[in-house]
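Undergrad: According to this note's numbering, the sequence shown is numbered sequentially starting from 179.
Following this message is one structure expressed as structure tokens.
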Amino acid sequence: MDTKKKFAVILAGCGSKDGAEIHEATMTLYAIKQQGADYQIFAPDIKQHHVINHLTGEEMNESRNVLIEAARIARGDAKPLSELKVTEFDAIILPGGFGVAKNLCTFAFDGSDCKVNKDVERVITEAHKAGKPIGALCISPVLLAKLIKGAKLTLGSDKGTIKAVELLGVKHSITSHGEVTIDEQNLLFTTPCYMLDANIVDVANGAIAIVKEMIRFM
């Protein structure tokens, strides 16, 4: 019988400007395996909000699918988020990337008035009700701010983003590289990563720290 703790990893596509942040996603997967746990990657089977040329930052005249893009990071083993059964996992974790704020919700455009993808909302709400740890890196904590009343979390130190989530009634904690804010009441775990001026080592340290804390509370 497999006794490994299992994480459901939710990705928002592939690419920092329009999908999942690849460093954060990869380091999260590494941290999970490094600490003796396992994972399955999920993503919503929906059209991306838009596609960004990561060389120029300009929008491209093409269309991509979030699940298909996430499968790039998953080496093909990505499942539709609609198939995620919270009962089959010990924890949920969401790497960042602007796709979180564009594809998983509309925070990039609507701020505190944002709407959340129905499957993302279902999974986070079910995991919270079941008392399972939920981790969020970088910009992903905005989903927790929107869905979990009175959440305690971090988005680093960006004043504009902090102001937007505080309108939702969250308790925000300013953090630095590799630091994890823990909301013990709600079992929420957040770390800033590229919300700060970070490099890949900082991101790795954050991913390892957040996974370690989540496992400690399982």
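Don't be surprised by glycine CBs; every beta carbon is placed ideally from N, CA and C.
On the three-state DSSP scale, how would you describe Leu322?
TA: helix
Undergrad: When DSSP labels each residue in this structure, what does Val187 get in the three-state scheme?
TA: strand
Undergrad: At what residue ranges does the stretch 217 to 302 contain a whole run of the beta strand (DSSP E), taking only runs of 3 or more?
TA: 256 to 258, 269 to 272
Undergrad: Give me, in chain order, the residues of the same chain whose beta-carbon lies closer than 8 angstroms to that of Ser260; leave out the 5 immediate sequence neighbours on both sides.
TA: Only Pro222, Asp223, Asp297 meet the Cβ criterion.
Undergrad: If you drop the 5 nearest sequence neighbours on each side, which residues of the same chain put their C-beta closer than 6 angstroms to that of Gly216?
TA: The question names Gly, but residue 216 in the sequence shown is Asp. Correct list, in chain order: Lys182, Lys184.
Undergrad: Taking all protein chains shown into account, decide if Glu247 is buried (16 or more other Cβ within 10 angstroms of its Cβ) or exposed.
TA: buried
Undergrad: Alpha carbon to alpha carbon, what distance is there between Val343 and Gly289?
TA: 8 angstroms
Undergrad: May I ask you to report which of helix, strand or coil DSSP gives Ile352?
TA: coil
Undergrad: Is the Cβ-Cβ distance between Val265 and Val389 less than 8 angstroms?
TA: A quick correction: the sequence has Thr, not Val, at residue 265. Cβ distance not < 8 angstroms, so Thr265 and Val389 don't count as in contact.
Undergrad: Below 8 angstroms, can you find three or more Cβ-Cβ pairs linking the stretch 230 to 248 to the stretch 298 to 312?
TA: Because the criterion of three Cβ pairs below 8 angstroms is not met, the stretch 230 to 248 and the stretch 298 to 312 do not touch.
Undergrad: State the Cα-Cα distance for the pair Ala329 and Asp361, rounded to the nearest angstrom.
TA: 7 angstroms
Undergrad: Can the beta-carbon of Thr339 be found closer than 8 angstroms to that of Glu357?
TA: no
Undergrad: Would you grab the beta carbon distance between Gly275 and Ser194 for me? Rounded to a whole angstrom, and I think it's under 8 angstroms.
TA: 5 angstroms
Undergrad: When we look at the beta-carbon of Lys293 and count the other beta-carbons within 10 Å, is it buried (16 or more) or exposed?
TA: exposed
Undergrad: Using 8 angstroms as the Cβ pair cut-off and three pairs as the minimum, do the stretch 319 to 329 and the stretch 376 to 384 touch?
TA: no
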